[in-house]
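Shown next, in structure tokens, is the structure this report addresses.
In UniProt numbering, the protein residues as written are 1 to 114.
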């Protein structure tokens with residue numbers, strides 16, 4: 001039996017306490033991968049309180065920073081729907097605390113990590 005995970009769409013709060021609990025997922029094949037898929041994959045690292053999926057990327061908001069760090073370590077480089085997530089030969093990468101200044105998909109540099 002599969003457990004259905006349902007979360008809020010809110011991941012863009014400016015709350016300084018939640019910024020380090022947010023994970024950016026780049027190079028995401030959103031033509032195939034849906035919000036429910038992202039929630040299911042990332043919920044194994046801790047309590048997901050929010051998830052938003054956009055064309056080519058997503059954000060996952062965890063209840064605490066420890067869960068976010070575990071997700072970054074556990075999923076970086078994973079192949080999902082034919083595309084490699086993380087910084088390994090992709091045009092996007094994971095960015096812990098993605099809402100901090102300058103850390104948005106349009107400003108990311110290949111191979112960098114915050």
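In this text, a Cβ means the ideal position worked out from N, Cα and C, and glycines have one as well.
Less than 8 Å between the beta carbons of residue i and residue j, yes or no?
{"i": "residue 71", "j": "residue 23", "result": "yes"}
{"i": "residue 50", "j": "residue 64", "result": "no"}
{"i": "residue 61", "j": "residue 21", "result": "yes"}
{"i": "residue 52", "j": "residue 42", "result": "no"}
{"i": "residue 57", "j": "residue 19", "result": "no"}
In terms of DSSP beta bridges, what is residue i paired with?
{"i": "residue 84", "result": "79"}
{"i": "residue 52", "result": "59"}
Just mark residue i as buried or exposed, buried being the case when its beta carbon has 16 or more other beta carbons within 10 Å.
{"i": "residue 32", "result": "exposed"}
{"i": "residue 81", "result": "exposed"}
Please check the pair residue i and residue j, which I expect to be a contact at CB under 8 Å, by giving their CB distance rounded to whole angstroms.
{"i": "residue 85", "j": "residue 28", "result": "7 Å"}
Run through DSSP, which three-state label would residue i get?
{"i": "residue 66", "result": "helix"}
{"i": "residue 28", "result": "coil"}
{"i": "residue 43", "result": "helix"}
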